[in-house]
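Just so we're aligned: the first sequence equals residues 50 to 620 in this note's numbering.
Here a beta-carbon is modelled for each residue, glycine too, at the ideal position from N, C-alpha and C.
Report on the following structure.
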Amino acid sequence: MRYSKLFSPTLRDTPADAEVVSHQLLLRAGFIRRVTSGIYDYLPLGLRVLRNVERIVREEMNRAGGQELLMPMVQPSEFWQKSGRWEKYGPELLRFKDRHGHESCLGPTHEEVICDLMSRELRSYKQLPMNLYQVQNKFRDEIRPRFGLMRGREFVMKDAYSFHANDECLAAEYQNMFETYHRIFHRLGLKFRAVEADNGSIGGSASHEFHVLADSGEDLITHCSHCEYAANVEKAVSKPQTYQGSDSSLTEVDTPYQTAVEDVAALLKVATSSLLKTLIFHVDGGENDGQVVAACVRGSDQLQDIKLARALGATEVVLASAEEIASIGTITGFSGPMDLNCPVYIDASLHDAVGLIAGANKKGLHVSGLNIQRDLNNVIFADLRQTQAGDTCVKCNIGLMEMSRGIEVGHIFELGTTYSKPMDVLFQDEHGKRAVATMGCYGIGVSRLMAAVVEQCHDDAGITWPVNIAPFQASVITLGKSETAFAASEKVYQDLLQAGVDVVWDDRKESPGVKFKDAELIGIPLRIIVGDRGLDNDALELKTRWGAVEEASLADVCQKAQHMLADMQQG
RNA sequence: CGGGGCGUAGCGCAGCCUGGUAGCGCAUCUGGUUUGGGACCAGAGGGUCAGGUGUUCGAAUCACCUCGCCCCGACCA
């Protein structure tokens, strides 16, 4: 490719509304342009990177025994009604009617479609196991699209679905995918971590998320300093530090204006860990749908609402309204667990706690000396607190928990029969009986991965793509305007093309600074500089994006470049 | 959905408070000079000032409404 013909609109200034580096650099380097909220054009350079990421994903999926297919983006509502998700999915599912009034939606995921396909085609256990995948655009109408490709509404995803005759076979495929994902993210040169995850609304049993470690990540993950235990904070369990409260009698204390934990603690001159924090929630979904419940954790802990939702069998819990809070006999700012007209859930670590300070359910009053066992009855204990840095690991009992931010780029699930059963994915087993296929599903956010790579691979000058996904591996940069430099450049360019190197030739009539800056911004791993100075000494300069410089004669430069690229692939 | 901020040329911004018919840098185009780190000179093109309604002799500027975008919140009662 000649740079003079390349559609690569780079920007000198950072667009004001791009906040994270990946968004800024992908815009500045001319990889993407915004069309509307959460929806982007992939310009030629961006598409090249996207295709390279896809290529690696495909190679590894194929190697692992997957078969690629392609399903539609538009899906009929009937499928979703059959699986039960038409009601459950919520506003992220973009629904619409066609000209005949037929209800449809844009696919945010494809369990329904693949199950429909399999229900019609699967007959015998001899066809199993099977792993089918696609690389396709998904649409999710996110509440808050942000950070460019990181959280878009339309995005590219690799989604795979496996079908099995029994759970042992599913477990084996889950392990196979677990390893495949490790290979994929290794090949992309990423620092990442697989963590145990909550299954969320998708259902099923085992589940791992794959997180690229980055401070801009939207997820909090935690891992043990000693053993392999790592989990999303939505699910992580750990042992908190022990707190010794002193047993004393229940007393009311005046806290006229203090509602927040910190303020009450400051007023009474105690640590926040001496307080019991009571939050009132409204339950959505499940058998407790519509109920109001109270949930208590230690003042120094955070309530993990996903855990509460799980304990309640709910899809979601949301903070209760002022009316709901009043209806159970308490008041905002002074809530406590005593004498509430609703179920009370208490974090399991507080089972034997004594000497706590809690809201008195009256304005301006708290109580001190609260003893959980003595003063409360009919409460339900459950793991509700969020793991904190410094907690003890429950797996090895030695290490301490550490926290990191992560970008979720992959997620694998053992779904079981959550979808295959309602969607009638049946087959005849070896005994001639009808059985429900058991299922796994495995996703990778391909476009998000592209952003995640930039988050890890950049410097002040721009993007530093790993060689195997860079938009071009090498750039031949012509300096000056002499006939000899131009002719020599063209020869080097042609030789590299012949050798199969993905190369761009910067033949523009631009000053050297502009060419260097663009090559760095775009992140081309190897630059071959062809100017009169180098030609006069027959010593052309080869410069990597990471600053290493070597020289080669015009005759050797092509081979030298290939060697350097090969070295970079290894590193 | 709640709070805050913003919307003026492709990008970054000034002008608004105190109304008088739109400007700067970069980018773009033409001509010339320049070519080992975002060159220089001269000239040029490009704007429904987000949209609507109103106030006014006159609105980018003031008021009201709508739309769009960004940030924060929607767990510490």
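- Glu191 and Ala314 have their C-alpha atoms spaced approximately 38 Å apart.
- In terms of Cβ geometry, Ile577 and Ile493 do not form a close pair [threshold 8 Å].
- Boundaries of the beta strand (DSSP E) harbouring His260: Ser256 to Leu262, taken from the DSSP string.
- The straight-line gap separating the alpha-carbon atoms of Gln307 and Ala371 is approximately 18 Å.
- As for any beta strand (DSSP E) of minimum length 3 sitting wholly inside the stretch 108-136, the runs are 123-125, ordered along the chain.
- In its chain, beyond the 5 residues on either side, Met450, Glu451 and Met452 have a beta carbon closer than 7 Å to the beta carbon of Ala438.
- For Phe80, the three-state secondary structure derived from DSSP is coil.
- For Gln224, no beta strand (DSSP E) encloses it; the enclosing alpha helix (DSSP H) starts and ends at Asp216 to Arg236.
- Considering only Met120, Leu142, Asp567 and Glu600, the residue with the shortest C-alpha distance to Tyr210 is Met120.
- The alpha-carbon of Phe430 is positioned some 6 Å away from that of Asp396.
- Beta-bridge pairing by DSSP links Glu504 to no other residue.
- Closest by C-alpha distance to Arg97, out of Gln340, Gly79 and Leu575, is Gly79.
- In the DSSP assignment, His612 falls within the unbroken alpha helix (DSSP H) covering Val606 to Gln619.
- Taking 8 Å as the cut-off, the beta carbon of Gly87 is found closer than this to the beta carbon of Gly201.
- Assigned with DSSP and collapsed to three states, Val346 falls in strand.
- With fewer than 16 other beta carbons inside 10 angstroms of its own, Asp264 counts as exposed.
- If you ignore the 5 residues before and after Met499, its C-beta comes within less than 7 Å of the C-beta of Val98, Leu99, Val102 and Leu198, all in its own chain and listed in chain order.
- In chain order, Leu75, Tyr89, Asp90, Tyr91, Leu92, Gly95, Gly197 and Leu198 place their CB closer than 8 Å to the CB of Ile81, counting only its own chain and leaving out the 5 sequence neighbours on each side.
- For Ser376, the uninterrupted alpha helix (DSSP H) segment begins and ends at Ala371 to Ser376.
- Rounded to the nearest whole angstrom, the C-alpha separation of Val106 and Val495 is 8 Å.
- By the criterion of a C-beta distance shorter than 7 Å, Thr321 is surrounded in its chain by Val310, Glu311, Ala314, Gly348 and Ser349, once the five residues flanking it on both sides are discounted.
- Residue burial is scored here from C-beta neighbours: Ser71 has at least 16 other C-beta atoms within 10 angstroms and is therefore classed as buried.
- Beta-bridge analysis with DSSP links Ile406 to Leu324.
- Rounded to the nearest angstrom, the gap between the Cα atoms of Met110 and Pro289 is 41 Å.
- At a cut-off of 3 residues, the continuous stretches assigned as beta strand (DSSP E) that sit fully inside the stretch 410-448 are 414-419 and 428-431.
- The criterion of a C-beta distance shorter than 8 Å is not satisfied by Phe521 and Val474.
- Remark: C-beta atoms of Thr304 and His415 approach each other more closely than 8 Å.
- When only Cα atoms are considered, His331 and Phe56 end up about 53 Å apart.
- Beta-bridge pairing by DSSP links Gly511 to Asp508.
- When secondary structure is reduced to three states using DSSP, Ile163 falls in the helix class.
- DSSP, reduced to helix, strand and coil, places Ala285 outside both helices and strands of the structure shown, so it counts as coil.
- A residue is called buried once 16 or more other Cβ atoms fall within 10 Å of its Cβ, and Asn410 is buried on that count.
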